[in-house]
Amino acid sequence: MDTTAELLKTHDLDSLSVRTVTSATGVSPTALYLHFTDLPELLRAVKKRFFTELRDTLTTAAADIPDPSDRVRALALAYLAYAREHVGQYAVMFHAHRRTDAPSTPAPELVEIGWAAFEPLVDAVGAVLPAASTDEVRETSVELWLALHGRAQLTIAMPWFDLPNEPRYVTRLVRQLLPQPT
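Here the sequence shown is numbered in UniProt numbering, starting from 1 and rising by one per residue.
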């Protein structure tokens, strides 16, 4: 699994094969099947690892920040930094299969770990909006994530494009989506 995680930092997910992984590991292709039933199972395990790393990164970024709005900003900046500093992992985490035989919904364990990675942001938004319903907090959190994910994708795909200053962008985004105390 470690070798696969390393390969995915520089290789496209669709180009990865059992032979690529086992060759890089220095074992025969059949050795993979001692640990995983197939390549998709291995890739799910690697994606889970990457989402866990993201969750840990976000949790650390939010630790010890008492002001909820500042915590949301710190989480947003940490999310963007993770995407920028871990381009391969980020691409794998949000990879969309283009094959016609790809499943239309992800494996349940990926949905669960994906939501777990999202929890620090939801918790921080909930702290900014204590009177909001659970649905309102989740919706606002998703809106924030959509904006962050779009920014991250543009940063990765078009590094030459002159995007707004990142901290200023995050501050404006948080102000627009979350009401400030008066």
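Cβ atoms here follow ideal geometry from the backbone N, Cα and C, with glycine treated the same way.
Would you tell me roughly how many angstroms separate the C-alpha atoms of residue i and residue j, rounded to the nearest one?
i	j	result
A157	H149	12 Å
E85	Q153	12 Å
V27	F118	36 Å
R44	P106	9 Å
D38	T155	33 Å
T59	L7	26 Å
A147	A31	42 Å
A91	A5	12 Å
E136	T25	47 Å
A131	A61	25 Å
Y169	V21	39 Å
P120	P66	14 Å
V46	P40	10 Å
D162	V142	25 Å
R138	L16	35 Å
T3	M93	16 Å
What would DSSP say about residue i, mapped onto helix, strand or coil?
i	result
T3	helix
A83	helix
D70	helix
A131	coil
P167	helix
F94	coil
Q89	helix
Q153	helix
L16	coil
S28	coil
If you drop the 5 nearest sequence neighbours on each side, which residues of the same chain put their C-beta closer than 6 Å to that of residue i?
i	result
L144	L177
Y82	L54 and T57
CB-CB under 7 Å to residue i, same chain, minus the five flanking residues each way: which ones, in chain order?
i	result
V128	P68, S69, V72 and L178
G114	F51
V18	P29, L32 and L39
H95	L13
K48	E109, L110 and I113
Looking only at its own chain, which residues have a Cβ that is under 8 Å from the Cβ of residue i, when we skip the five neighbours before and after it?
i	result
V174	S69, V72, R73, A76 and L144
### Message
Taking 8 Å as the cut-off, does the stretch 1 to 15 touch the stretch 59 to 77 (at least 3 CB pairs, one atom from each stretch)?
### Response
no
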